[in-house]
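Here the structure is laid out as structure tokens; the discussion comes afterwards.
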Amino acid sequence: MRRFLLFGIATVFLIIGLMVVLAWLYVFVVTHPGCFTPRYISGFPFPEEHWITTIDGRSLRLWYYPSRNGAAVIAMGGLDGSLGDALPPIAPLLREGFGVVQVDSRACAIPAGIVSLGYLEAEDVIICLLYTSPSPRDS
Numbered sequence: 274m275r276r277f278l279l280f281g282i283a284t285v286f287l288i289i290g291l292m293v294v295l296a297w298l299y300v301f302v303v304t305h306p307g308c309f310t311p312r313y314i315s316g317f318p319f320p321e322e323h324w325i326t327t328i329d330g331r332s333l334r335l336w337y338y339p340s341r342n343g344a345a346v347i348a349m350g351g352l353d354g355s356l357g358d359a360l361p362p363i364a365p366l367l368r369e370g371f372g373v374v375q376v377d378s379r380a381c382a383i384p385a386g387i388v389s390l391g392y393l394e395a396e397d398v399i400i401c402l403l404y405t406s407p408s409p410r411d412s
């Protein structure tokens, strides 16, 4: 009976340990997707490439397609970034004359960082808003 109890306890700890390791691997893969080479959108001019400094000191690339109607949209991508022909699709916005700022993934920042699934990326949006806001010198 005692041997059966020890075997049961060991099995429970093994299963819990396996679940912790698998959860850690899943989170690591999701937050470290790697950096992918962006593809330009065919049929549109090449975007202007700019670099911004994030709040945590990383250099993050963004592509800017100038506006033809005075409005601009910030496109934040998913795990793979959002430069060029990636999700979210921006070709319909460009056709309608919207300016678009596409922000690369934090995995492609210099130095590379983790993709925080929105926590740090929300701060990147604030910097992009400041970047796209007209300054007094533009008046």
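The sequence shown maps to residues 274 to 412 in the numbering used here.
Each residue gets a CB set at the ideal place from its N, CA and C atoms; glycine is no exception.
Handout entry: Backbone CA spacing between R276 and A296 [nearest angstrom]
Key = A296 has its alpha-carbon roughly 30 Å from the corresponding atom of R276.
Practice task
Look up H323 in the DSSP assignment and give the residues it is bridged to.
Solution key: According to DSSP, residue pairing for H323 in a beta bridge involves L335.
Handout entry: Those residues which DSSP pairs with A348 across a bridge
Key = Answer is Q375.
Exercise for the section: Pick out whichever of G281, R331 and F317 has its Cα sitting closest to the Cα of A382. Expected result: The closest CA to that of A382, considering only G281, R331 and F317, is found on R331.
Handout entry: Euclidean distance between Cα positions of A380 and E396
Key = Distance between the alpha carbons of A380 and E396: 15 Å.
Problem - Integer Cβ distance of V500 from V373, believed to fall under 8 Å - result: Since the first residue of the chain shown is 274 and the last is 412, residue 500 is not available in this structure.
Problem - Cβ neighbours of G343 in the same chain (closer than 7 Å, five flanking residues each side left out) - result: Sequence-distant Cβ neighbours of G343 in its own chain, meaning closer than 7 Å and more than five residues away, do not exist here.
Problem - F301 versus E394: straight-line alpha-carbon distance, rounded - result: Roughly 17 Å between the two C-alpha positions.
Exercise for the section: From the DSSP output, in three-state form, read off R275 for me. Expected result: In the structure shown, R275 adopts helical secondary structure according to DSSP, grouped into three states.
Problem - Buried versus exposed call for W336 [16 or more other C-beta atoms within 10 Å across all chains shown] - result: Buried is the call here.
Exercise for the section: Inspect the beta-carbon positions of M349 and V376 and report whether they are closer than 8 Å. Expected result: In this structure, M349 sits near V376, with a CB-CB distance shorter than 8 Å.
Practice task
Confirm, please, whether the CB-CB distance from I325 to H404 is below 8 Å.
Solution key: Per the sequence shown, residue 404 should be read as Tyr rather than His. For the pair Y404 and I325, the CB atoms are nearer than the 8 Å cut-off.
Handout entry: Enclosing alpha helix (DSSP H) for C381 [first to last residue]
Key = That residue, C381, is in no alpha helix (DSSP H); it is neither H nor E in DSSP.
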